[in-house]
Amino acid sequence: MERSIPKRGEKRKAFDEALRAGLEQIDWYCKHHEWTIFLVAGGRGVCKVCNDVRNEITNARTTQRYHNDPEYYEFRRKQISDALAARLSIPGQREEINAYFRKLHSKKSQIDPQYVGQKREYGAAVTWRTKGRNLAEGYSERTLPAWYSREKEALQKLYEPRAYDDLYERDHLIARNHKKVTGLHCWANVVVVFKKWNRWKGSKFDVTNDNNRWHRPANRHSGGAFDPNPTLDEQKLIRKLWTEEGIAIEDSLRILRDSLDQLARTYEEHVSKIFGMKLPVDPAWYERCNRPEGIPLEAFKGFDEEPAEKAMHAFLRILN
Ligand SMILES: [Zn+2]
1159 MERSIPKRGE KRKAFDEALR AGLEQIDWYC KHHEWTIFLV AGGRGVCKVC NDVRNEITNA
1219 RTTQRYHNDP EYYEFRRKQI SDALAARLSI PGQREEINAY FRKLHSKKSQ IDPQYVGQKR
1279 EYGAAVTWRT KGRNLAEGYS ERTLPAWYSR EKEALQKLYE PRAYDDLYER DHLIARNHKK
1339 VTGLHCWANV VVVFKKWNRW KGSKFDVTND NNRWHRPANR HSGGAFDPNP TLDEQKLIRK
1399 LWTEEGIAIE DSLRILRDSL DQLARTYEEH VSKIFGMKLP VDPAWYERCN RPEGIPLEAF
1459 KGFDEEPAEK AMHAFLRILN
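The sequence shown begins at 1159 in my numbering and counts up by one.
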């Protein structure tokens, strides 16, 4: 049913009534948004969407000022820490605040992968800064790479939950705490890897190992980091997963491919954002995923008798 546009004077009456009834919001007519949610706002009646837009502009201005005006920055920091201290001095407040944030966190984590990515990445960055074994004397923490702020968004994406998270984990390719090297918390050094492979690898460091896809150039071409053909280590692992845990080879290959596709996408988006250029995506990448010749069958030979046959069947199913 179409509602007609309210006439002059009707708004005041409606919102006075809503206020008396103790309502927080009612449906009303906005000239920008037509019939929509209005906040009663003490009887004033404010379009929620219009109000959100206004708030966003004001908040953005305040954020700008916070970061650019040192005096205002100090003022706000003090205001916030004073308010927090006052709050925490009330018995039971700390527990209440903690409980509130725990609840908020679990609720947001359930519905917003981006939020999870941000939180996880933040945790990783803090760990990198503050938990270094080889922190130089006199420094209480390490400084993140200068380009960190430009990569942050892409890094957060790497930490977003994915469908195969029970099989994968994020790790720093070059160990963060090694006798000879310090791996950075940066895009090129954070990898999403098979948990099993990662456990094998430990914090070994070998730049000459071509078998490690994270030592290759970041592209989708044959021999690139995102080449869907499994490396020798991955082949070994896929074989192991199948013979020891019954995970079908085609499943492993699909997981590997989807995971690499996701990583490649994140990287391509990152590059296009930072450098304003589009990375050409090699159409053969998709062919290598789908074409029978694209999968190195011989790589999976060497199963003991029966499994070899099963493996071949598994592959034949992929080819169809
Ligand atoms: Zn409006």
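The beta-carbon is built from N, C-alpha and C at its ideal position, and this holds for glycine as well.
Practice task
Confirm the yes/no value for this check: CB of Cys1205, any heavy atom of ligand 1, distance under 7 Å.
Solution key: yes
Exercise for the section: Determine the DSSP secondary structure at Leu1325, reduced to helix, strand or coil. Expected result: coil
Exercise for the section: Check whether the region 1315–1322 touches the region 1401–1421, taking contact to mean three or more Cβ pairs, one atom from each stretch, closer than 8 Å. Expected result: A contact exists between the region 1315–1322 and the region 1401–1421.
Exercise for the section: Report yes if the C-beta of Thr1194 is less than 7 Å from at least one heavy atom of ligand 1; otherwise report no. Expected result: Yes - ligand 1 has a heavy atom lying nearer than 7 Å to the Cβ of Thr1194.
Practice task
Tell me, please, which residues DSSP counts as bridged to Asp1185.
Solution key: Ile1195
Exercise for the section: Indicate, with yes or no, if ligand 1 has a heavy atom lying under 7 Å from the CB of His1191. Expected result: yes
Handout entry: Cut-off 6 Å between Cβ atoms - residues of its own chain near Ile1195, not counting five sequence neighbours on either side
Key = Gln1183, Lys1206
Practice task
Going by CA-CA distance only, name the one from Thr1285, Ala1346, Lys1398 that's closest to Ala1111.
Solution key: The structure shown does not extend to residue 1111, since the chain spans only 1159 to 1478, so no value can be given for it.
Handout entry: For Lys1165 and Thr1216, the rounded distance between their alpha carbons
Key = 31 Å
Problem - Spatial neighbours of Ile1272 in its chain, beta-carbon cut-off 6 Å, leaving aside the 5 residues before and after - result: It should be pointed out that residue 1272 corresponds to Gln in this sequence rather than to Ile. Here the set comprises nothing.
Problem - Residues of its chain near Val1348, where Cβ-Cβ distance is below 7 Å and the 5 sequence neighbours each way are ignored - result: Leu1313, Leu1316, Arg1328, His1330
Exercise for the section: Output the distance between the C-alpha atoms of Gly1290 and Leu1342, rounded to the nearest integer angstrom. Expected result: 11 Å
Practice task
For Ser1410, count neighbouring C-beta atoms within 10 Å of its own C-beta (all shown protein chains included) and say buried if the count is 16 or more, exposed if not.
Solution key: With 16 or more other Cβ atoms inside 10 Å of its own Cβ, Ser1410 counts as buried.
Handout entry: Cβ neighbours of Leu1325 in the same chain (closer than 7 Å, five flanking residues each side left out)
Key = Once the five neighbours on either side are set aside, the close Cβ partners of Leu1325 are Phe1352, Lys1353, Ile1413.
Problem - Reference Glu1192, options Gln1393, Cys1208, Leu1181, closest by Cα - result: Cys1208
Exercise for the section: Report buried or exposed for Asn1110, applying the criterion of at least 16 other Cβ atoms within 10 angstroms of its Cβ. Expected result: Outside the modelled stretch of the chain, which goes from 1159 to 1478, sits residue 1110, for which no answer is possible.
Problem - Residues sharing a beta bridge with Cys1208, DSSP - result: BP columns for Cys1208 are empty, so no partner.
Problem - chain B within 8 Å of Ala1376, Cβ atoms only - result: Although the question refers to chain B, the structure presented lacks it and comprises just one protein chain.
Practice task
Inspect the beta-carbon positions of Gly1203 and Lys1169 and report whether they are closer than 8 Å.
Solution key: Result yes, Cβ atoms of Gly1203 and Lys1169 sit closer than 8 Å.
Problem - Alpha-carbon spacing of Ser1162 relative to Leu1197, whole angstroms - result: Leu1197 has its alpha-carbon roughly 20 Å from the corresponding atom of Ser1162.
Practice task
Please report the Cβ distance between Ile1498 and Pro1388, rounded to the nearest whole angstrom; I am assuming they are in contact, meaning their Cβ atoms lie under 8 Å.
Solution key: As displayed, the chain neither begins before 1159 nor continues past 1478, which places residue 1498 out of reach and without an answer.
Handout entry: Residues near Tyr1444 by beta carbon distance below 7 Å, same chain, minus five either side
Key = none
Exercise for the section: Would you mind reading off the limits of the beta strand (DSSP E) that contains Val1349? Expected result: 1348–1352
Practice task
Please classify His1336: does DSSP put it in a helix, a strand, or coil?
Solution key: In the structure shown, His1336 adopts coil according to DSSP, grouped into three states.
Exercise for the section: Give me the Cα-Cα distance between Gln1222 and Pro1228, rounded to the nearest whole angstrom. Expected result: 11 Å
Problem - C-alpha gap between Ala1517 and Arg1378, whole angstroms - result: Absent from the structure is residue 1517, since the part of the chain shown begins at 1159 and ends at 1478.
Exercise for the section: Mark Trp1305 as exposed unless 16 or more other C-beta atoms lie within 10 angstroms of its C-beta, in which case mark it buried. Expected result: Trp1305 should be labelled exposed.
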